[in-house]
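Colleague: The structure under discussion is supplied below as structure tokens; questions concerning it will follow.
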Amino acid sequence: MSRPTASPQLVNDQQRSAHIREVVMAHGVELRKRYPILKHQDLLGAGILTVALAGMCGSALLYLEGVIAWWACLLLNAFFASLTHELEHDLIHSMYFRKQRIAHNLMMTMVWLARPSTINPWIRRHLHLNHHKVSGTETDMEERAITNGEPWGIARLLMVGDNVMSSLIRMLRAQSWVHKKSILLRTLKVYAPLALLNWSTWYVFLGFHAADALASALGAPINWSGATLEAMEIVDIAVVVLVGPNVLRTFCLHFVSSNMHYYGDVEPGNVIQQTQVLNPWWMWPLQAFCFNFGSTHAIHHFVVKEPFYIRQMTAPVAHKVMREMGVRFNDFGTFARANRWHAQERTTAAKVQAV
């Protein structure tokens, strides 16, 4: 059986994509010649991880010593944790210690510990590599899981920053008990053990303080036991130094990522249609906690094997050629179109159900 003939649009966009790759890769080579340290990729990855972990620990210590306020610690650690997310993404593509499995897996473990709100990174590797193969389609489970393709509303707002809530809503939407059970078992598998502990701590924190505030407002404060208050003191600290920063980081990353990827009506294999560059000035508060993801992640779809810090450095050149070749920039209509490439898909988008 003969293969289906590629459409003229796909052939044209593949040629445009090839030109983007050529220009961006050439600039990467130029940067490595100009700054020889960039050739030491393993060293740089390990160094960035050390700085991120030291920053998180140092910030936590300053908070515990009363030197900085809780909110300063939370914001600092959200930023440092965003560095470890970029490192995890590069590790998934085997960019650090590719031939040294002990060092590679140690880095994977450390970036997971820094971001306990996330799924097991070894499981995520399969999801992410599949994302590159089927980006923008229903089988792109990674992006679908963070609400790409969902119509905007209360449900998507709840799902975009809360992994457990996202799974719960998908369970409620499931049409059969078999499907509900499948979602539950899959959730337990991919989030065990760190994310289950992380989100449980978050809900205990929210529940306790909501109950305490409500009771006080009603003039009937709860007489908590000493053991409960001691336990909550530990929970409060955990939320400030680790859980809260990752809740903030997760929301920022998922909001940006799910809206810069297109879904549903993209042409398979057409990289031009997979992403946009999303970098308006008003999104900088979000970009700060996902390391400028909206501005640079689209580059990764064209040149997969460049580490995140190279993407930051090549962005001016990459953006110029990407704009010339037809990659979209700041297509805010995607919010109303539920991330569809074409405007006429808006009606269909409203009917989308979660996988």
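Each residue of the sequence shown is one higher than the last, beginning at 399 in the working numbering. Ideal placement from N, C-alpha and C gives every residue a C-beta, glycine not left out.
On a CA-only basis, which of 506, 465, 667 and 405 is nearest residue 518? Give me that one, please.
Modeller: It is 506 whose Cα lies nearest to the Cα of residue 518.
Colleague: Among 520, 647 and 424, which residue has its Cα nearest to the Cα of residue 588?
Modeller: It is 520.
Colleague: So, using beta-carbon positions, are residue 425 and residue 715 closer together than 7 Å?
Modeller: Yes, they are a contact pair.
Colleague: Using 8 Å as the Cβ pair cut-off and three pairs as the minimum, do the stretch 652 to 662 and the stretch 682 to 690 touch?
Modeller: With a cut-off of 8 Å, the stretch 682 to 690 and the stretch 652 to 662 count as touching, because enough Cβ pairs lie within range.
Colleague: Use the C-beta contact count for residue 487: other C-beta atoms within 10 angstroms, 16 or more gives buried, fewer gives exposed.
Modeller: That one is buried.
Colleague: Alpha carbon to alpha carbon, what distance is there between residue 650 and residue 546?
Modeller: Rounded to whole angstroms, residue 546 to residue 650 spans 14 Å at the Cα level.
Colleague: Could you tell me which whole beta strand (DSSP E) segments of length 3 or greater appear in the stretch 493 to 542?
Modeller: Entirely contained in the stretch 493 to 542, not one beta strand (DSSP E) run reaches 3 residues.
Colleague: Quickly, what does DSSP pair residue 659 with across the bridge? List them, please.
Modeller: Paired residues: 673.
Colleague: Can you list, in chain order, the stretches of the alpha helix (DSSP H) that have 4 or more residues and sit fully within the stretch 690 to 733?
Modeller: Listed in chain order, the complete alpha helix (DSSP H) runs (minimum 4 residues) inside the stretch 690 to 733 are 691 to 700 and 706 to 722.
Colleague: Less than 7 Å between the beta carbons of residue 526 and residue 581, yes or no?
Modeller: Not closer than 7 Å, so no.
Colleague: With a Cβ-Cβ cutoff of 7 Å, do residue 422 and residue 701 count as a contact?
Modeller: Contact flag set, yes.
Colleague: Could you check if residue 446 is buried or exposed, using at least 16 other CB atoms within 10 Å of its CB as the buried criterion?
Modeller: So residue 446 ends up on the buried side.
Colleague: Alpha carbon to alpha carbon, how far is residue 516 from residue 782? Give it in angstroms, no decimals.
Modeller: As displayed, the chain neither begins before 399 nor continues past 753, which places residue 782 out of reach and without an answer.
Colleague: On a CA-only basis, which of 492, 570, 539 and 437 is nearest residue 703? Give me that one, please.
Modeller: Per the Cα distances, 492.
Colleague: For residue 604, count neighbouring C-beta atoms within 10 Å of its own C-beta (all shown protein chains included) and say buried if the count is 16 or more, exposed if not.
Modeller: It is exposed - the Cβ of residue 604 has fewer than 16 other Cβ atoms within 10 Å.
Colleague: So, helix, strand or coil for residue 737, using DSSP?
Modeller: Here residue 737 sits in coil by DSSP.
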